[in-house]
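Down below is the structure, laid out as structure tokens.
2 protein chains.
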Amino acid sequence: MQTPGFRRPAVNAKLEHMFLGQYRHTLDEKGRLTIPARFREELSGGAYLTQGFDHNLRLLTESSFEAISGKLSQMKTTDPTTRDLRRLIFAAASQVDFDQAGRILIPQFLREVASLESDAVIVGVGETIEIWSPGAWEAQVMRLRDVESNSERFSELEL
Amino acid sequence: MQTPGFRRPAVNAKLEHMFLGQYRHTLDEKGRLTIPARFREELSGGAYLTQGFDHNLRLLTESSFEAISGKLSQMKTTDPTTRDLRRLIFAAASQVDFDQAGRILIPQFLREVASLESDAVIVGVGETIEIWSPGAWEAQVMRLRDVESNSERFSELEL
DNA sequence: ACACTTTTTGCCACTTTTACCCACAATTAC
DNA sequence: GTAATTGTGGGTAAAAGTGGCAAAAAGTGT
Numbered sequence: 004m005q006t007p008g009f010r011r012p013a014v015n016a017k018l019e020h021m022f023l024g025q026y027r028h029t030l031d032e033k034g035r036l037t038i039p040a041r042f043r044e045e046l047s048g049g050a051y052l053t054q055g056f057d058h059n060l061r062l063l064t065e066s067s068f069e070a071i072s073g074k075l076s077q078m079k080t081t082d083p084t085t086r087d088l089r090r091l092i093f094a095a096a097s098q099v100d101f102d103q104a105g106r107i108l109i110p111q112f113l114r115e116v117a118s119l120e121s122d123a124v125i126v127g128v129g130e131t132i133e134i135w136s137p138g139a140w141e142a143q144v145m146r147l148r149d150v151e152s153n154s155e156r157f158s159e160l161e162l
Numbered sequence: 004m005q006t007p008g009f010r011r012p013a014v015n016a017k018l019e020h021m022f023l024g025q026y027r028h029t030l031d032e033k034g035r036l037t038i039p040a041r042f043r044e045e046l047s048g049g050a051y052l053t054q055g056f057d058h059n060l061r062l063l064t065e066s067s068f069e070a071i072s073g074k075l076s077q078m079k080t081t082d083p084t085t086r087d088l089r090r091l092i093f094a095a096a097s098q099v100d101f102d103q104a105g106r107i108l109i110p111q112f113l114r115e116v117a118s119l120e121s122d123a124v125i126v127g128v129g130e131t132i133e134i135w136s137p138g139a140w141e142a143q144v145m146r147l148r149d150v151e152s153n154s155e156r157f158s159e160l161e162l
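Taken in sequence, the protein lines are chains A and B.
The first sequence begins at 4 in our numbering and counts up by one.
The second sequence begins at 4 in our numbering and counts up by one.
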């Protein structure tokens, strides 16, 4: 929050990594997907692709991935849920590189996880990026449009 | 948001963070919209465009947006509601820049959200700015003119 | 080990989109 | 009335996204 009466200098102390917006890109037969140019710089330090929680994929910056793996390591191995979570994240994860055109290669098994075929929706979700099949994303949007449930949830945020 | 009970020093003649009035501007084929000159200075530190609650768009200052995104980031990713909420806000948001003429580019998917075509109504609503399609705004105005229902609804507010 | 096929990877070129700039008209201020 | 500001349109150069080609790598079978 900003100090009252204080004006932020024009030299923008820009917001740390924030992925915003949604983009529909094609996925070629080789499984290559162009990542929106606006997202690339933030990922240039290294990018990790893993299975998401909702029939989608998550593309993480190196620091985000490290933060997650750190937390997972601290959790008790004796807890079955912990072991499942580790399998979900690590077994399905892969470090990805960009080619000159800003594309990443999505491994076959990850494409299957998210039912990706010829097109994909790339969604900025703050700290991370999600990759959806158009159909699954559409279903997700429809669910979110359910105004009734939304107003309940929104109230938590006091917007 | 302002600290409760804190009064801005009198040195500042005009009120800050106060967007007032309504303007009807054109939206060209490229999706560019001129923001009223009176609103620009306040947004010069960075502006964010997001989906509104009533079939419209909201244009926020950087600090307003930071307040929202800060709350979202603190929530647990493993909670499904958190993930939904983030998608609702972040996926439907976009950081926007001004060109030399004081225009912003409204991404295609956000134009669709608010049914924006060749014209838009830009409304100052105190802390934030709303962008409406002329039709939706007209309907909104009609509803507010319904004095009967208003007197009921607002009577509880002790203004 | 060698030739041959298949897959992967990097590169280039085309098309579309976006950003940037300038000019004009209309409005507002002086 | 004149000058400055504001809103609008368009043109141009740069960047982004896409598809395809070719070199490199990895497998495959004899």
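Don't be surprised by glycine CBs; every beta carbon is placed ideally from N, CA and C.
Query raised in the report: Can you name the residues of chain A whose CB is closer than 8 Å to the CB of residue 110 of chain B?
Result: 24
Query - Proximal chain B residues relative to residue 56 of chain A, where beta-carbon distance stays under 9 Å - result: 80, 81, 83 and 86
Query raised in the report: Can you tell me the Cα-Cα spacing of residue 140 of chain B and residue 43 of chain B, whole angstroms?
Result: Between the alpha carbons of residue 140 of chain B and residue 43 of chain B lies a gap of roughly 22 Å.
Query raised in the report: Among the residues of its own chain, which have a CB less than 7 Å from the CB of residue 128 of chain A, if the five just before and after it don't count?
Result: 22
Query raised in the report: I think residue 94 of chain B touches residue 126 of chain A, with their Cβ atoms under 8 Å apart; what is that distance to the nearest whole Å?
Result: 5 Å
Query raised in the report: According to DSSP, is residue 142 of chain B helix, strand or coil?
Result: helix
Query raised in the report: What's the call for residue 52 of chain A, buried or exposed, on a 16-neighbour Cβ count within 10 Å?
Result: buried
Report task. Please specify which runs of the beta strand (DSSP E), each continuous and at least 3 residues long, are wholly inside the stretch 13-101 of chain B, giving them in chain order. Result -> 25-29, 35-37, 50-54, 60-64 and 96-99
Report task. Taking a Cβ distance cut-off of 8 Å, strictly less, list which residues of the stretch 57-77 of chain B are near chain A, in chain order. Result -> 65, 66, 69, 70, 71, 72, 74, 75 and 76
Query raised in the report: If the cut is a Cβ gap below 7 Å, which residues of chain B does residue 52 of chain A touch?
Result: Per Cβ cutoff of 7 Å: no residues; residue 52 of chain A is ~16 Å from chain B at best.
Report task. Locate the beta strand (DSSP E) running through residue 106 of chain B, then write down its first and last residues. Result -> 106-108
Query raised in the report: What residues in the stretch 88-102 of chain B bring their beta carbon closer than 7 Å to a beta carbon of chain A?
Result: Under the 7 Å Cβ criterion, the stretch 88-102 of chain B contributes 88, 89, 90, 91, 93, 94, 96, 97 and 98.
Query raised in the report: Which first and last residues belong to the alpha helix (DSSP H) in which residue 115 of chain B is found?
Result: 111-116
Query - Euclidean distance between Cα positions of residue 116 of chain A and residue 57 of chain A - result: 10 Å
Query - Residue burial classification, residue 77 of chain B (beta-carbon count within 10 angstroms, cutoff 16) - result: With fewer than 16 Cβ atoms within 10 Å of its Cβ, residue 77 of chain B is classed as exposed.
Report task. Drop a sphere of 10 angstroms on the beta-carbon of residue 27 of chain B, count the other beta-carbons inside from all chains shown, and report buried for 16 or more, exposed for fewer. Result -> With a 10 Å radius around the Cβ and a threshold of 16 neighbouring Cβ atoms, residue 27 of chain B comes out exposed.
Query - C-alpha distance - residue 34 of chain B paired with residue 106 of chain B, whole-angstrom precision - result: 10 Å
Query - Separation of residue 111 of chain A from residue 97 of chain B, as counted between CA atoms - result: 31 Å
Report task. Using three-state DSSP, classify residue 159 of chain B as helix, strand or coil. Result -> helix
Query raised in the report: Given a threshold of 16 other Cβ atoms within 10 Å of its Cβ, counted over all protein chains shown, does residue 143 of chain A qualify as buried or as exposed?
Result: buried
Query - Rounded C-alpha distance that separates residue 63 of chain A from residue 131 of chain B - result: 31 Å
Query - Among A:82, A:74 and A:103, nearest to residue 92 of chain A - alpha-carbon criterion - result: A:74
Query raised in the report: Taking DSSP as the reference, what is the three-state secondary structure of residue 8 of chain A?
Result: For residue 8 of chain A, the predicted model reports a pLDDT of 35, less than 50, meaning its position is unreliable; a value from the coordinates is still stated below. Coil, per DSSP.
Query raised in the report: For residue 141 of chain A and chain B, any beta-carbon pair shorter than 9 Å?
Result: So no, residue 141 of chain A is outside the interface.
Query raised in the report: Going by alpha carbons, who is nearest to residue 118 of chain B out of B:138, B:149, B:65 and B:158?
Result: B:138
Query raised in the report: Which value, in whole angstroms, describes the spacing of the CA atoms of residue 80 of chain A and residue 86 of chain A?
Result: 6 Å
Query raised in the report: With 16 as the cutoff for other CB atoms within 10 Å, does residue 9 of chain A come out buried or exposed?
Result: Reliability fails at residue 9 of chain A, whose pLDDT of 36 lies under 50, so the model's placement of it is uncertain and the value that follows must be treated cautiously. Under this definition residue 9 of chain A is an exposed residue.
**Report entry** Extent of the continuous beta strand (DSSP E) run through residue 149 of chain A
**Finding:** Counting along the chain, residue 149 of chain A sits inside no beta strand (DSSP E), nor does DSSP assign it H or E at all.
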